[in-house]
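All remarks here apply to the structure that follows.
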Amino acid sequence: MMRLGIATAVLILLVLAADSALAQEKSMAKKSEYEGTISPGELTPTPEMWFYQQYQREYQDPKMAVRKKAEARALQRQQRVACLKWFGFSNVRPQVSSDPFNGDWSPCWKSNNLFYPDRWQGVGQSWVVIRPAASGTWVY
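In the numbering used here, the protein residues as written are 2 to 141.
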C-alpha cells in the first residue's frame with residue numbers, strides 16, 4: 002500500500018513538472034548560427050549588400066510573409082472594386098428590378114445556349130427601336 006502511494010505521488014509530480022515545462026514560452030528556441038550577416042572585417046559593405054540582407058531577413062520572417070499575403074489580397078480586392086466601378090457596378094447599390102415577376106430580378110451570367118455559354122443577362126429586357134423610313138422627305 003505504501004509503494005502505491007509513493008508511486009502515485011511520483012507520477013503526480015512528474016505530470017506537474019511536465020505540464021509546467023510545456024506551459025513555458027518558447028523564447029528559448031534555437032537560433033541559427035548564421036543570421037545572414039557579414040562581419041565588417043571580411044568585406045567592405047555596399048548598399049546592395051545591405052538591401053540583400055534586409056530582403057533575406059524579410060523573406061525568413063513569418064510575420065512578413067503573412068503581411069505580404071494580406072497586402073496581395075487587399076490589392077486584388079482593390080482591383081476587383083476598380084473593375085466593377087469601371088463597368089458601373091457597385092455593391093453598395095446593386096442593380097435590381099423593382100418587379101421580380103416580369104423579367105429578371107438582377108443581372109447575372111446565365112445561358113442554356115450551347116453556342117453562347119457565357120451570355121450576360123442584364124436587368125429587364127432589351128428594347129430595339131427601328132426608325133421607319135421617311136417617306137415624304139427629300140435629300141438635296
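Note that the Cβ used here is the ideal one computed from N, Cα and C, for glycine as well. These numbers were taken from a predicted model, which means no experiment stands behind them.
Closer than 7 angstroms: residue i CB and nearest the ligand MN heavy atom
i, result
"residue 89", "Only the bare structure without any ligand can be found here, which leaves the ligand MN out of the picture."
Cβ distance (whole Å) where residue i is taken to contact residue j below 8 angstroms
i, j, result
"residue 65", "residue 72", "At roughly 10 angstroms, the Cβ-Cβ gap does not stay under 8 angstroms, so residue 65 and residue 72 are not in contact."
Same chain, Cβ closer than 8 angstroms to residue i, five either side skipped, listed in chain order
i, result
"residue 91", "85"
Contacts around residue i, its chain only, beta-carbon distance under 7 angstroms, and the 5 residues preceding and following it disregarded
i, result
"residue 61", "none"
Report the residue ranges of all alpha helix (DSSP H) runs contained in full by the region 50–103; include only those spanning at least 4 residues, in chain order.
-> Listed in chain order, they are 63–88.
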